[in-house]
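The sequence shown finishes on residue 1324 if you use the working numbering, and the numbering steps up by one all the way, no holes.
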Amino acid sequence: MILTQKTRFARNGAFTSIRKYHDARAVLINPGSKAEALRKDVDIKFGDPDEAYVMISPEIGSILAGQPFPDGETIEVPLIFSHRSRYFSRGAGPELPRLEIPFNLPRLETSDTTAATSDATLFQFGLFSTIALNGTSCEEFTRLASTTKSQIGETLEQLKDM
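Here it is in structure tokens:
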């Protein structure tokens, strides 16, 4: 795991704090793939230890989602995160693609700390796909960021013609 720290602008539109991310390697397991290797090391980005998100390439997101992502569209796909095995997938079946990460993500404070899985959402928009655990501030941040693009894009198109 590489802990190269980078910064991005802050949560909730405020510039008083920063969102940091770190680089790491994960393993993409794609049982249904005939064209590519079954196991593939991939680059990911993740937050600080108290944050519950992972950023991946749209190609990896598309494999996890089991569908291609149309250009320019915002897509949300429900996933699960296994805290015991540290992987994201659409379900628990061994036939589904999964992304194994080298660390665990924090559970919600209100959740059962013995639960084996947490619900997560894969968001596809922009240059990265982002997976965030549901009910966390990371999910809220990602949801706001994903909807902002479509809202601003429409407004910018209207302004172009003025």
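All residues carry an ideal CB built from backbone N, CA and C; glycine is no exception.
Cβ neighbours of residue i in the same chain (closer than 6 angstroms, five flanking residues each side left out)
i: residue 1297; result: 1270
i: residue 1187; result: 1203
i: residue 1299; result: none
Close-in-space but distant-in-sequence residues of the same chain around residue i (CB under 8 angstroms, 5 per side omitted)
i: residue 1189; result: 1201, 1202, 1203, 1204, 1261 and 1262
i: residue 1245; result: 1266, 1267, 1269, 1277, 1278, 1279 and 1280
i: residue 1193; result: 1200, 1256, 1257, 1258 and 1259
i: residue 1247; result: 1262
Residue i versus the options, residue with shortest Cα-Cα distance
i: residue 1214; options: 1314, 1323 and 1304; result: 1304
i: residue 1239; options: 1227, 1323, 1253 and 1216; result: 1227
i: residue 1301; options: 1241, 1254, 1230 and 1193; result: 1241
i: residue 1191; options: 1314, 1209 and 1256; result: 1256
i: residue 1216; options: 1323, 1314 and 1290; result: 1290
i: residue 1220; options: 1288, 1323, 1314 and 1194; result: 1288
Residue i vs residue j beta-carbon contact at 7 angstroms
i: residue 1218; j: residue 1237; result: no
i: residue 1286; j: residue 1234; result: no
i: residue 1268; j: residue 1212; result: yes
i: residue 1293; j: residue 1282; result: yes
i: residue 1209; j: residue 1183; result: yes
Residue i: first and last residue of the uninterrupted alpha helix (DSSP H) it sits in
i: residue 1226; result: 1220-1227
Residue i: first and last residue of the uninterrupted beta strand (DSSP E) it sits in
i: residue 1282; result: 1279-1287
i: residue 1213; result: Note, residue 1213: premise wrong, no beta strand (DSSP E); not H, not E.
i: residue 1250; result: 1249-1251
Those residues which DSSP pairs with residue i across a bridge
i: residue 1240; result: 1283
i: residue 1191; result: 1201 and 1260
i: residue 1291; result: 1218 and 1286
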